[in-house]
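Sequential numbering of the sequence shown, starting at 1, is according to this note's numbering. Built from N, CA and C at the ideal position, the CB exists for glycine as well. Just so we're clear, the structure is a prediction, and the values are computed from it rather than from any experiment. What follows is one structure encoded as structure tokens, with my remarks underneath.
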Amino acid sequence: MTNAKTLREKDIAGLEAEVKSLQKAHFGLRMQKATQQLNNTATLRSTRRDIARAKTILAQKRAAAK
1 MTNAKTLREK DIAGLEAEVK SLQKAHFGLR MQKATQQLNN TATLRSTRRD
51 IARAKTILAQ KRAAAK
């Protein structure tokens, strides 16, 4: 789980990479759930929220850059 403090320290390119990696991880978790290999389904919720958190901070940084 990533927290907002560490995300705010990253630049725009770093945040974009973070969002991309979180989306890949979320996809992998969804595939594990579909094949019934996922033990802890709460990780889906936490990765979804991490993606939203990173996207929000990314949007804030882009707006501040303009």
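With a cutoff of 7 Å on beta-carbon distance, L22 and I57 are scored as not near each other.
In summary, A54 is buried, with 16 or more beta-carbon neighbours lying within 10 Å of its beta-carbon over all protein chains present. The DSSP assignment places no complete beta strand (DSSP E) segment of no fewer than 3 residues inside the stretch 10-62.
For the options K66, M31 and D50, the alpha carbon positioned closest to that of K5 is the one of D50.
Here DSSP, grouped into helix, strand and coil, assigns K5 to helix.
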